[in-house]
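This report concerns only the one structure given below.
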Amino acid sequence: MGRLKYIFHCILHMDYKSLFDTVKTVHEVSGKNRIWLFFDIIKCGFKYGAGYKDYLLCAFYDLSDKQRATYVTRGINNSIVKSLNDPAYYHIFDNKSEFYTTFAEYLHREWLHFSKCTKEQFLDFMQDKDEIICKPDDASCGVGVEKLKKADYATLDAMYEDLKKKGADVIEEVVIQHPDMNRINPGSVNTIRVYTVLSDGVSNVVYACIRMGNSDRPVDNINAGGMYSPIDLETGKIACAACDKQRIVYERHPRSGCLLKGYQIPYWDKVMDICREAAHKVPQMGYIGWDVAITKDGPLFIEANNMPGHDAFPQMPLQAPDKIGILPVFQKYIKGL
172 MGRLKYIFHC ILHMDYKSLF DTVKTVHEVS GKNRIWLFFD IIKCGFKYGA
222 GYKDYLLCAF YDLSDKQRAT YVTRGINNSI VKSLNDPAYY HIFDNKSEFY
272 TTFAEYLHRE WLHFSKCTKE QFLDFMQDKD EIICKPDDAS CGVGVEKLKK
322 ADYATLDAMY EDLKKKGADV IEEVVIQHPD MNRINPGSVN TIRVYTVLSD
372 GVSNVVYACI RMGNSDRPVD NINAGGMYSP IDLETGKIAC AACDKQRIVY
422 ERHPRSGCLL KGYQIPYWDK VMDICREAAH KVPQMGYIGW DVAITKDGPL
472 FIEANNMPGH DAFPQMPLQA PDKIGILPVF QKYIKGL
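Counted from 1, the sequence shown has number 355 at position 184 by my numbering; the numbering is strictly sequential.
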């Protein structure tokens, strides 16, 4: 019943223009008949919980039904969230200030709840800082994140008033990433997204990828123009070239020229360890996507997601040459999935 309810919700709220644009794009890519594609997309929605974006990005038009059944689609990902995460605890991950307080031991940087601080607290916070990151408390996908420089203001009083005018919620120390991470793309903090699943009291890392920016914005989110590559969980090396949501493949990072496949992520064992450890802190949330930055001193948390997106899974054609999705990995840890 839950799955049917989800499907009918999607039908009622679907962006039909984007659906028909997707049919057109898939037709141009595959040469398949548009009417056939339209009905096949609808079929995949009902049978596999696949959205039209899943259909395009994962090349469902080129898969058999048996292969399609191995992919974690939007609908299946939502089912995992619903089965493992208690909505009563979402607020811990939805609000930056609550997350920072709950997971303080993993932050390794100073921060200030600006919307609740005094001017004196702000002035004291800024004494030893030349720039800061400013975030909305409920930011997601990098929306509303800014890097602000003290030198751009005549005085700290002026900076304070500007932040008040912007409605800033959280301000924090700028993370200086490890030289090896900076070499990939110095334009953004390139984070590692680590997906954990709690099963029978054991924290399991089911997947990890590196997310890299591709603009002058200080964010790496793939929904903000970034790209991603899967990481080999055993070695901590980038497993293959990167992809973005326009389905463009990057053997090298376009801004740095860094060759991606085989690149070693520093402090890999520690990255895995802190995510496994932190997953036990709120056990009512069994499925979390942790965003980890790496500095010269080791890994730290940027944020975590109680509804971790499935669009960074290794399911684009480049990443799944055998045409098998990541669902079998999840099925090892989630009974009845």
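Ideal Cβ placement from N, Cα and C applies to all residues, glycine included.
Secondary structure in the region 261 to 289: the alpha helix (DSSP H) runs of 4 residues or longer, each lying completely within the stretch, are 261 to 265 and 267 to 273 in chain order. Judged by DSSP in its simplified three-state form, residue 359 adopts coil rather than helix or strand. In the DSSP assignment, residue 330 falls outside any beta strand (DSSP E) and within the unbroken alpha helix (DSSP H) covering 327 to 337. A residue is called buried when at least 16 other Cβ atoms come within 10 angstroms of its Cβ; residue 239 meets this threshold and is buried. Burial check for residue 393: the Cβ neighbour count within 10 Å reaches 16 or more, so the residue is buried.
In this structure, the straight-line span from the alpha carbon of residue 194 to that of residue 209 is close to 6 Å. Note on geometry: alpha-carbon atoms of residue 443 and residue 322 lie some 38 Å from one another. Comparing alpha-carbon positions, the option among 225, 207, 375 and 219 lying closest to residue 445 turns out to be 375.
Residue 499 and residue 352 have their C-alpha atoms spaced approximately 31 Å apart. As the crow flies, the alpha-carbon of residue 220 is around 25 Å from that of residue 382. Assigned with DSSP and collapsed to three states, residue 200 falls in helix. Put simply, of 508, 295, 384 and 342 the residue whose alpha carbon is nearest the alpha carbon of residue 280 is 342. Apart from the 5 residues on each side of it in sequence, residue 315 sits with its Cβ closer than 6 Å to the Cβ of 307 in its chain, given in chain order. Assignment of residue 305 by DSSP, reduced to helix, strand and coil, places it in the strand class.
Residue burial annotation: residue 243 is buried, with at least 16 other C-beta atoms found within 10 angstroms of its C-beta. No residue range can be given for residue 468, since it is assigned to no alpha helix (DSSP H) and is classified by DSSP as neither H nor E. For residue 380, the enclosing beta strand (DSSP E) has its first and last residue at 373 to 383. Across the set 396, 458 and 357, the C-alpha of 458 shows the shortest separation from the C-alpha of residue 260. Beta-bridge partners of residue 401 (DSSP): 380. Per the DSSP secondary-structure output, residue 435 pairs in a beta bridge with 408. Collapsing the DSSP output to three states places residue 229 in coil. Taking residue 278 as the centre and dropping the five residues before and after it, the same chain places the C-beta of 271, 471 and 472 closer than 8 Å to its C-beta, in chain order. Pairing residue 303 with residue 363 gives a Cβ-Cβ distance that is not under 9 Å. In the structure shown, the three-state DSSP call for residue 449 is helix. Counting the other Cβ atoms within 10 Å of the Cβ of residue 438 gives 16 or more, which makes it buried. Scanning 415, 205, 266 and 475 for the CA closest to the CA of residue 463 turns up 475. Per DSSP, the beta-bridge partners of residue 421 are 413. With respect to residue 255, residue 487 sits apart: the two C-beta atoms are not nearer than 9 Å.
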